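Protein chains: 2
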Amino acid sequence: MKLPSPCSDTEDYTARQWDTRAECEVRQVLDRIADKWSLLVLALLDRRTLRFTELRRSIDGVSPRMLTSTVRQLERDGLVERTVYPVVPPRVEYRLTPLGVSLHDMVQSLVTWTEEHQDEIAAARDEYDRKAAESAY
Amino acid sequence: MKLPSPCSDTEDYTARQWDTRAECEVRQVLDRIADKWSLLVLALLDRRTLRFTELRRSIDGVSPRMLTSTVRQLERDGLVERTVYPVVPPRVEYRLTPLGVSLHDMVQSLVTWTEEHQDEIAAARDEYDRKAAESAY
DNA sequence: CGGTATCCCTTTAGATACTG
DNA sequence: CAGTATCTAAAGGGATACCG
Numbered sequence: 001m002k003l004p005s006p007c008s009d010t011e012d013y014t015a016r017q018w019d020t021r022a023e024c025e026v027r028q029v030l031d032r033i034a035d036k037w038s039l040l041v042l043a044l045l046d047r048r049t050l051r052f053t054e055l056r057r058s059i060d061g062v063s064p065r066m067l068t069s070t071v072r073q074l075e076r077d078g079l080v081e082r083t084v085y086p087v088v089p090p091r092v093e094y095r096l097t098p099l100g101v102s103l104h105d106m107v108q109s110l111v112t113w114t115e116e117h118q119d120e121i122a123a124a125r126d127e128y129d130r131k132a133a134e135s136a137y
Numbered sequence: 001m002k003l004p005s006p007c008s009d010t011e012d013y014t015a016r017q018w019d020t021r022a023e024c025e026v027r028q029v030l031d032r033i034a035d036k037w038s039l040l041v042l043a044l045l046d047r048r049t050l051r052f053t054e055l056r057r058s059i060d061g062v063s064p065r066m067l068t069s070t071v072r073q074l075e076r077d078g079l080v081e082r083t084v085y086p087v088v089p090p091r092v093e094y095r096l097t098p099l100g101v102s103l104h105d106m107v108q109s110l111v112t113w114t115e116e117h118q119d120e121i122a123a124a125r126d127e128y129d130r131k132a133a134e135s136a137y
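Top line first, the protein sequences correspond to chains B and W.
Each residue of the first sequence is one higher than the one before, starting from 1 at the first, in the UniProt record's numbering.
Each residue of the second sequence is one higher than the one before, starting from 1 at the first, in the UniProt record's numbering.
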C-alpha cells in the first residue's frame, strides 16, 4: 500500500492536516502487521525460537518466497532476530526481539478489541446486507 | 487480502493451531483499518459530521470511486453512519457510530505505540541496510 | 451533490524449479 | 536446509466520464 497516512503535521493524530508521505510511521507499522503473513510469524515466535522450515510447516499455504520476504521485513524492522549457524546443512533460527514482543502485545490488544466487538460488527453487516437485499426489489 | 489469519481454534490467540478462514474476525478488522483510506475517514469523522464532498476535499488524492467504496465498507461494518437527506441537490452526511469511536480509540493506541518505538524501528532499519550494503562488496 | 460505470495499471502474492 | 529466481495470476487502486 502506498501514500496517505494517518500522520498529522502536529503531534495530534486528530489534527486536520494529513500527511501523504509514504514514510509515515503509523502507515508503515500498519502495513507490516496487516500483510498476509507477518502476524502469523509474530504469533508463532511468541516465547519460542523456530527454524525456517518449522515456520513454513506451521503456516499453512505459505510459499518459501513469501516466508522469506516476510521474515526479512520483520528482521529489518527490528522485530525478529535471525541467527545463522554456519553448519551443513544450514541452520537458521528466528526469534522475537523485545521490540517484536512489544508489537505482539499491541496486536494482542487489537485482538481483544475485535473479540469484544465482533458481534456488533456481525450484526451491523447482517442489517446492512438485509437492507441492501430488500431495496434491490 | 485473503486467507490466513491470527485466529486460533481456541480462545487463545497464542495457540498453535492457525485458522486459514477468510472469515477470521481479526483479519477482517485489520484489513479494514489497513486499507488505504479507512483510517483517514475514521480520523476525519472524529467528533465531526462531514458530507461526501467535504471528505473528498479533505483527503488528498482520493477518487470518488475509492471514497465511496471506503465509506460503504465502514458503514457496512457499523463504524460509520450514513444519513441521506432527500433534498435537491442531495445532502449525505457521515459520522462515526459509537463502535467507530471505539475502533478509533484502539487505533490511537497503535499510533501511540508507533510514536514510542519509531526510533527503534528506524535504527534497526538503518543497521540492517548498512550491513546489507557492506556485505554487497 | 453524491455518487456509478468502465477501463487500465500497479502491486502483491502464488507456483514452481533450482542452488549453495 | 534455507533459501533464490522466474513467471504468472489476482487483487487493489487510479483516472475519467457520466447520471439521477
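A virtual CB, placed ideally from N, CA and C, is assigned to each residue, including glycine.
What you are looking at is a predicted structure, and each value in this text was computed from that prediction instead of being measured.
- Spatial neighbours of threonine 83(W) in its own chain (CB-CB distance under 6 Å, excluding positions within 5 residues in sequence) are listed in chain order as Glu93.
- Fewer than three pairs of CB atoms, one per stretch, sit closer than 8 Å, so the stretch 116-130 of chain B makes no contact with the stretch 68-87 of chain B.
- About 6 Å separates the beta carbon of aspartate 77(B) from that of arginine 32(B), a gap short enough to meet the 8 Å contact definition.
- Pairing methionine 66(B) with proline 90(W), the inter-Cα distance amounts to about 47 Å.
- The shortest CA-to-CA distance from tryptophan 37(W) to any of Glu120(W), Ile59(W), Tyr128(W) is the one to Ile59(W).
- Pairing alanine 34(W) with alanine 124(B) gives a Cβ-Cβ distance that is not under 8 Å.
- Valine 84(W) carries a strand assignment under DSSP once its states are collapsed to helix, strand and coil.
- Counting the other Cβ atoms within 10 Å of the Cβ of valine 88(B) gives fewer than 16, which makes it exposed.
- Listed in chain order, the beta strand (DSSP E) runs fully inside the stretch 44-126 of chain W are 80-85, 91-96, counting runs of at least 3 residues.
- The shortest C-alpha to C-alpha distance from arginine 47(B) to any of Glu127(B), Ser102(B), Ser69(B), Leu30(B) is the one to Ser102(B).
- Listed along chain B, the residues sitting closer than 8 Å to alanine 34(W) by beta-carbon distance are Met1, Leu30, Asp31, Ile33, Ala34.
- Tyrosine 128(B) has a beta carbon lying within less than 8 Å of a beta carbon in chain W.
- Among the CB atoms of chain W, one or more fall inside 8 Å of the CB of arginine 125(B).
- Among the residues of chain B, none has a CB under 9 Å from the CB of methionine 66(W); the nearest is roughly 11 Å distant.
- For leucine 45(B), the closest of Val29(B), Ser69(B), Leu79(B) by C-alpha to C-alpha distance is Leu79(B).
- A direct Cα-to-Cα measurement between glutamate 127(W) and leucine 39(W) gives close to 30 Å.
- In the three-state scheme derived from DSSP, where H, G and I count as helix and E and B as strand, serine 38(W) is classed as helix.
- Interface with chain W (8 Å Cβ-Cβ cutoff): valine 41(B) is excluded.
- It is roughly 14 Å from the alpha-carbon of leucine 42(W) to the alpha-carbon of valine 62(W).
- DSSP, reduced to helix, strand and coil, places alanine 136(B) outside both helices and strands of the structure shown, so it counts as coil.
- Chain-ordered listing is empty here: chain W has no CB closer than 8 Å to the CB of serine 69(B), the nearest sitting near 14 Å.
- At least one beta carbon of chain B lies nearer than 8 Å to the beta carbon of serine 102(W).
- Scanning its chain for C-beta atoms nearer than 8 Å, with the 5 sequence neighbours on each side dropped, one finds around arginine 51(B) the residues Arg91, Val92, Glu93, Tyr94, in chain order.
- A Cβ-Cβ separation of about 7 Å places proline 64(W) in contact with arginine 56(W) under the 8 Å criterion.
- Note that the C-beta distance between methionine 106(W) and leucine 30(B) is not below 8 Å.
- Chain B has no Cβ within less than 8 Å of the Cβ of valine 92(W).
- Take the alpha-carbon of leucine 99(W) and the one of serine 69(B): they are about 35 Å apart.
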